[in-house]
Amino acid sequence: MGHVLVQAALNGGTTRDAHPAVPLTPAELAAEATAAADAGAGEFHLHPRDEAGAQTLEPEHVLAAVAAVRGATGLPVGVTTGIWTVDGDVQRRLALVARWTGPNRPDYASINMNEPGIDELADLLLSLGIGIEAGVWTPVDARVLETTGFSDRLVRVLLEPEEPTSAAAVATAAAAAAELARMGITARQVRHGYDLATWDVLRAAVADGQDIRIGLEDTTVLPDGTQASGNADLVAAAALLIPKS
8 MGHVLVQAAL NGGTTRDAHP AVPLTPAELA AEATAAADAG AGEFHLHPRD EAGAQTLEPE
68 HVLAAVAAVR GATGLPVGVT TGIWTVDGDV QRRLALVARW TGPNRPDYAS INMNEPGIDE
128 LADLLLSLGI GIEAGVWTPV DARVLETTGF SDRLVRVLLE PEEPTSAAAV ATAAAAAAEL
188 ARMGITARQV RHGYDLATWD VLRAAVADGQ DIRIGLEDTT VLPDGTQASG NADLVAAAAL
248 LIPKS
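What follows is the structure, encoded as structure tokens:
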């Protein structure tokens, strides 16, 4: 099967009400990343937060979060570019991302195919030396990726079905993967789901020889439905899904 990467999505939009261990500050992100790396994570996906705990693309917060996690682990670090962080303002997003420069810039960033302004954003990220994860939620998103100017310049495709039931989420991921194959998009995939459904999405991904993502952004529960203690607990459970070579 070859090597299967476990990417740890440390926080996302998950609140402290949903799980008390969600890391918000750079120091908290670094601590959770270190524990997740010890449990088997090979890289990270972050949603940087501001002083109030809100998701942000502001350079001071993005660069600080990336520096903390990369400094603590030595592993690649990526971030969101979700347009909800700028209240749907395409131009403001570009202006903020343009300032992600210097040694603490992210290794990669995710671009959701269902958002506006994705070609301009991709060109900007690539000009800054930041790789692209294409966020594909549905087969329709996969077809959008085919129409972009960057489908051949990806770090990977992030396949992330949102359905709450396992069967539906696995089916959506499979349908999207089939669309990618039809289009000849051969970038490696990292797959995840949400809540309890994520575990069957991960099992199917491993069976297909693709990479997987897990963390408090995606779920707060272990495969048996009990609450995880934190990101490391989730990563350790995900690593057990990967057959030993």
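Counting from 1 along the sequence shown, just add 7 to a position and that's the residue number in our numbering.
Every residue, glycine too, gets a C-beta built ideally from N, C-alpha and C.
Since we're looking at a predicted model, the values are computed, not measured.
Residues A204 of the same chain have their beta carbon placed closer than 8 Å to that of T172, with the five preceding and five following residues left out of the count. Secondary structure within the region 15 to 87: the alpha helix (DSSP H) runs of 4 or more consecutive residues, fully enclosed, are 33 to 46 and 66 to 80 (chain order). Between L103 and the set G60, N238 and P66, the nearest pair of CA atoms involves P66. By the Cβ neighbour-count rule, Q14 is buried, with 16 or more other Cβ atoms within 10 Å of its own.
Approximately 7 Å separates the beta-carbon atoms of L12 and V197; this is inside 8 Å, confirming the contact.
Contact fails between the region 16 to 33 and the region 110 to 128, because fewer than three Cβ pairs, one in each stretch, are under 8 Å apart. In this model, P30 and A244 are separated by some 19 Å (Cα to Cα). DSSP places A235 in the coil class of the three-state scheme, outside both helix and strand. In the DSSP secondary-structure assignment, N119 is bridged to G142. For T145, the CB contacts under 7 Å within the same chain, skipping 5 residues up- and downstream, are T179 and A183 in chain order. Taking C-alpha positions only, T155 is separated from M120 by approximately 9 Å. In the structure shown, I90 adopts helical secondary structure according to DSSP, grouped into three states. In its chain, beyond the 5 residues on either side, S117, I118, N119, M120, L165 and E167 have a beta carbon closer than 7 Å to the beta carbon of G142. Residues P55, R56, D57, V69 and T92 of the same chain have their beta carbon placed closer than 8 Å to that of T63, with the five preceding and five following residues left out of the count. Per DSSP, the beta-bridge partners of V13 are I219.
Between A185 and I192, the alpha-carbon positions lie close to 10 Å from each other. Residue G138 holds the alpha-carbon nearest to the alpha-carbon of V162 among G200, T227, A176 and G138. The DSSP-derived three-state label of L209 is helix. Annotated as proximal: T227 and Q234, with beta-carbon spacing under 8 Å. Nearest in C-alpha terms to L187, of all of S158, I221, D45 and D96, is S158.
Residue burial is scored here from C-beta neighbours: R77 has at least 16 other C-beta atoms within 10 angstroms and is therefore classed as buried.
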